[in-house]
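Report on the following structure.
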DNA sequence: CGTAGGATACTAATCTGATTAGTATTATAA
DNA sequence: TTATAATACTAATCAGATTAGTATCCTACG
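Residue numbers (my numbering), protein chains in the order written: chain A, 26 to 225; chain B, 26 to 225.
The following block contains the structure:
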């Protein structure tokens with residue numbers, strides 16, 4: 026009789042994501058997750074491979090959701106407009122899913138680049154960004170450097186934001202808009218000046 | 026009447042910083058820290074206010090070290106050169122002290138903006154960056170937005186780097202250099218074009 | 001039909017880590 | 001010389017992760 030309706034792996038991960046997003050990654054605990062699901066902590070091991078496994082699942086979920094968001098944002102746009110939409114969607118995603126996003130980062134420290142599935146996911150996301158940057162005349166390594174830049178910028182801004190790092194009473198939306206515009210302006214300038222030298 | 030100087034408190038924080046930098050924030054545990062110091066875990070409470078207090082101390086140490094680094098880098102330089110030096114010093118600092126840096130971030134989630142000492146430290150760092158950006162004709166809110174941008178960019182790049190987020194075999198130094206140059210190019214373009222509109 | 005497996009749940013127990021309470025020791029200021 | 005503050009300790013509690021061993025139920029196959 027103590028047996029209840031079956032739980033699915035999907036439900037476990039979904040509930041973990043809800044918990045992490047609602048109360049922060051640090052609140053994501055196997056004990057609390059089990060309580061939410063109405064089971065005892067050890068039972069979770071029937072669905073995920075402990076905390077490391079759960080974090081990995083969240084990392085995969087993160088990448089899937091992020092990829093979908095970025096594609097939605099980029100579709101039908103091009104040039105500077107596409108970059109703005111992409112950056113904004115990226116930032117909004119992180120703010121909507123801070124727990125899942127940070128869990129994804131944490132997982133990368135545990136599951137080094139050896140994890141093929143994670144790596145492939147990352148590559149798909151990079152692919153979306155590459156497509157958006159293509160019209161700027163970037164290709165090969167130049168394009169990859171630019172992807173790193175855009176990613177760093179959005180990641181940095183959004184993680185500082187959710188960490189409460191921006192203390193001053195200054196509109197964050199405006200800060201972000203300006204930052205993205207600065208990047209775009211730099212890309213446009215580069216486009217003409219050919220090489221990536223600002224002065225030197 | 027004067028209380029005797031406690032050099033032990035400094036030692037605790039210093040050792041915590043070494044541990045965090047060497048083995049990661051997650052390895053920073055009161056048990057392990059106590060073992061390194063040759064005492065039992067509860068004895069640590071004579072020196073710091075538990076784990077939250079320790080994280081706060083590390084956050085303060087982080088700000089002091091970072092401020093010193095940034096000042097060193099900026100002194101005697103100006104314009105684009107100063108920005109490059111500042112960004113590079115910032116990034117190098119984070120890579121040298123990943124544990125302390127991340128502990129500082131974690132502390133901000135625990136000690137909300139109410140903490141006056143932390144806030145003042147942040148403001149000093151902002152001041153250094155503001156001084157470097159001043160020659161670009163930015164002032165008031167414009168300058169603050171730019172500080173946020175520069176900080177986001179460096180923070181984002183460096184934290185992705187230490188998290189192993191850049192999987193591709195592409196030179197990180199070069200990626201960073203280009204990103205900083207893009208920002209500078211954007212700032213220079215703005216300087217002439219007056220307002221911060223790229224199109225719209 | 002009826003049982004063998006697998007999936008899933010449980011309890012019990014271990015380990016690590018944070019924290020509090022209570023107590024002993026010792027250096028030093030009065 | 002003694003009172004006190006700083007510091008250390010042990011013991012105990014609590015939360016969390018994890019493993020081992022066991023019970024229960026669903027389902028598929030004979």
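The C-beta atom is built at its ideal place from N, Cα and C for all residues, glycine as well. Just so you know, these numbers come straight off a predicted model, no measurement behind them.
Inset, instruction - Within the same chain, show all residues whose beta-carbon is closer than 8 Å to that of residue 125 of chain B, passing over the 5 residues directly before and after it, in chain order. - result: Within the same chain, residue 125 of chain B has close Cβ partners 42, 45, 46, 83, 86, 87, 90.
Inset, instruction - Check whether the Cβ of residue 203 of chain B lies closer than 7 Å to any Cβ atom in chain A. - result: Residue 203 of chain B counts as touching chain A.
Inset, instruction - Check distances from the C-beta atoms of the stretch 181-192 of chain B to those of chain A and list, in chain order, the residues that come in under 8 Å. - result: Cβ contacts with chain A: 181, 182, 184, 185, 188, 189, 190, 191, 192.
Legend entry - Partners in chain A for residue 212 of chain B, counting only beta-carbon separations shorter than 8 Å: Those within 8 Å of residue 212 of chain B in chain A are 207.
Inset, instruction - Count the other CB atoms, across all protein chains shown, that sit within 10 Å of the CB of residue 153 of chain A; report buried if there are 16 or more and exposed otherwise. - result: Counting of Cβ neighbours within 10 angstroms places residue 153 of chain A among the buried residues, the total reaching 16 or more.
Inset, instruction - Could you tell me which chain B residues have their CB closer than 9 Å to the CB of residue 162 of chain A, listed as they occur along the chain? - result: The contacting residues do not exist; residue 162 of chain A stays about 14 Å from chain B at best.
Legend entry - Where residue 2 of chain A falls: helix, strand or coil (DSSP): Summary: the structure shown does not reach residue 2 of chain A, with chain A confined to residues 26 through 225, and so no result is reported for it.
Legend entry - Cross-chain neighbours of residue 103 of chain A in chain B, by beta carbon under 8 Å: Chain order gives no chain B residues near residue 103 of chain A, where near means a beta carbon separation below 8 Å; the closest approach is about 13 Å.
Legend entry - Integer-rounded CB distance, given that residue 177 of chain B should sit under 8 Å from residue 170 of chain A: In this structure, residue 170 of chain A and residue 177 of chain B do not form a Cβ contact; the two beta carbons are roughly 18 Å apart against a cut-off of 8 Å.
Inset, instruction - Within its chain, find whatever has a CB closer than 6 Å to the CB of residue 50 of chain A; leave out the 5 residues flanking it on each side and keep chain order. - result: Cβ within range, chain order: 124, 127, 128.
Inset, instruction - Please check if any C-beta of chain A sits within less than 7 Å of the C-beta of residue 220 of chain B. - result: Residue confidence is low: residue 220 of chain B scores 45 on pLDDT, short of 50, so the model does not pin down where it sits. Its coordinate-derived value is still stated next. So no, residue 220 of chain B is outside the interface.
Legend entry - Proximity below 7 Å, CB of residue 188 of chain A to CB of residue 130 of chain B: Taking 7 Å as the Cβ cut-off, residue 188 of chain A and residue 130 of chain B qualify as a contacting pair.
Inset, instruction - With a threshold of 16 other CB atoms inside 10 Å of the CB of residue 207 of chain A, please say whether the residue is buried or exposed. - result: Buried, by the Cβ-count rule.
Legend entry - First and last residue of the uninterrupted alpha helix (DSSP H) at residue 188 of chain B: No alpha helix (DSSP H) contains residue 188 of chain B, which DSSP labels as neither H nor E.
Inset, instruction - Establish whether the CB of residue 81 of chain B and some CB of chain A are separated by less than 7 Å. - result: Taking a beta-carbon distance threshold of 7 Å, residue 81 of chain B does not count as an interface residue toward chain A.
Legend entry - Rounded straight-line distance, which links the Cα of residue 183 of chain A to that of residue 39 of chain B: Taking the straight line from one Cα to the other gives about 30 Å.
Inset, instruction - Less than 8 Å between the CB atoms is what I'm expecting for residue 115 of chain B and residue 179 of chain B, so what's the real figure, rounded? - result: Indeed they touch by this definition, with Cβ atoms about 4 Å apart.
Inset, instruction - Could you tell me the boundaries of the alpha helix (DSSP H) in which residue 63 of chain A lies? - result: No alpha helix (DSSP H) holds residue 63 of chain A; DSSP gives it neither H nor E.
Inset, instruction - Please compile the residues from chain A whose C-beta is within a distance smaller than 8 Å of the C-beta of residue 215 of chain B. - result: Going along chain A in sequence order, the residues near residue 215 of chain B (Cβ under 8 Å) are 207, 210.
Legend entry - Residues in the stretch 120-136 of chain A having any Cβ partner in chain B nearer than 7 Å: For the stretch 120-136 of chain A, the set of positions with a beta-carbon nearer than 7 Å to some beta-carbon of chain B reads 130, 133, 134 in chain order.
Inset, instruction - Would you tell me roughly how many angstroms separate the C-alpha atoms of residue 160 of chain A and residue 33 of chain A, rounded to the nearest one? - result: Answer to the nearest angstrom: the Cα atoms are 44 Å apart.
Inset, instruction - Under 9 Å between beta-carbons, which chain A residues line up against residue 199 of chain B? List them in chain order, please. - result: Those within 9 Å of residue 199 of chain B in chain A are 166, 170.
Legend entry - Helix, strand or coil at residue 102 of chain A according to DSSP, with G and I counted as helix: Look at residue 102 of chain A here: in three-state DSSP terms it is coil, with no helix or strand label.
Legend entry - Cα-Cα separation, residue 214 of chain B to residue 118 of chain B: For residue 214 of chain B and residue 118 of chain B, the gap between their C-alpha atoms comes out near 29 Å.
Inset, instruction - Can you tell me which of the three DSSP states residue 73 of chain B falls into? - result: If DSSP states are grouped into helix, strand and coil, residue 73 of chain B belongs with coil.
Inset, instruction - Could you pull the start and end residues of the alpha helix (DSSP H) that residue 53 of chain B belongs to? - result: Neither: residue 53 of chain B is in no alpha helix (DSSP H) and is coded neither H nor E.
Legend entry - Interface residues of chain A facing residue 149 of chain B [CB-CB closer than 7 Å]: Near residue 149 of chain B there are no residues of chain A at all, since even the closest Cβ is about 13 Å away, more than 7 Å.
Inset, instruction - Consider the C-beta atom of residue 186 of chain A and the heavy atoms of the ligand NAP; say whether any pair is separated by less than 6 Å. - result: Ligands displayed in this structure: none; no statement on the ligand NAP is therefore possible.
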